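*Asks:*
In my numbering, the protein residues as written are 22 to 177.
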């Protein structure tokens, strides 16, 4: 099993299978537009623009599990686009922990361990996926995206 086996839904309601990105490295991020870490949107966007021609895809998944997201996926996407200039794909609001967690997040957390074991500690936990769909690294909420650019370069 790889991340390519999962279906996800964009903020506009369109569902697709992640195998659409087969052969491309992916950075999966749980986001929140009212979180103190929203400055990371700038760095995530910089990395996306810098490496998208080499195949990198950044996928944002808003989550309100930490009570720092707006009311709907559409509102979250608009905030990301208008306030932070995000152009990478934004998805439906999902749970990232517990029984209600989206299957993709159940999978990526099983593949990596964080400070709280498998659980996502906070918004802006990031998961780096290689070109074969394997989760190769997990980054903490406070890990700024530009600090792990070398890890991204390795999977390109």
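Idealized CB from N, CA, C, for every residue including glycine.
All values reported here derive from a predicted model rather than from experimental measurement.
Using 8 angstroms as the threshold, is the stretch 153–161 in touch with the stretch 62–76, meaning 3 or more CB pairs across them?
*Replies:* No, they do not touch.
*Asks:* With which residues is residue 31 paired in a DSSP beta bridge?
*Replies:* The partner list for residue 31 (beta bridge, DSSP) reads 112.
*Asks:* Taking the C-alpha atoms as reference points, what is the distance between residue 89 and residue 152?
*Replies:* No answer about residue 89 holds up, because its pLDDT of 49 lies below 50 and its placement is not dependable.
*Asks:* State the Cα-Cα distance for the pair residue 144 and residue 71, rounded to the nearest angstrom.
*Replies:* Roughly 23 angstroms between the two C-alpha positions.
*Asks:* Span of the alpha helix (DSSP H) holding residue 69?
*Replies:* It spans 61–72 - the alpha helix (DSSP H) in which residue 69 sits, taken as one unbroken run.
*Asks:* Look at the alpha carbon of residue 149 and the alpha carbon of residue 112, and state the distance between them as a whole number of angstroms.
*Replies:* Looking at the two C-alpha atoms, the distance is approximately 17 angstroms.
*Asks:* Taking the alpha-carbon of residue 173 as reference, which of 42, 76, 60, 139 has the nearest alpha-carbon?
*Replies:* Residue 76 is the option with its Cα nearest to residue 173.
*Asks:* So, helix, strand or coil for residue 167, using DSSP?
*Replies:* The answer is helix: DSSP assigns residue 167 an H, G or I state.
*Asks:* Three-state secondary structure (DSSP) at residue 39?
*Replies:* Helix.
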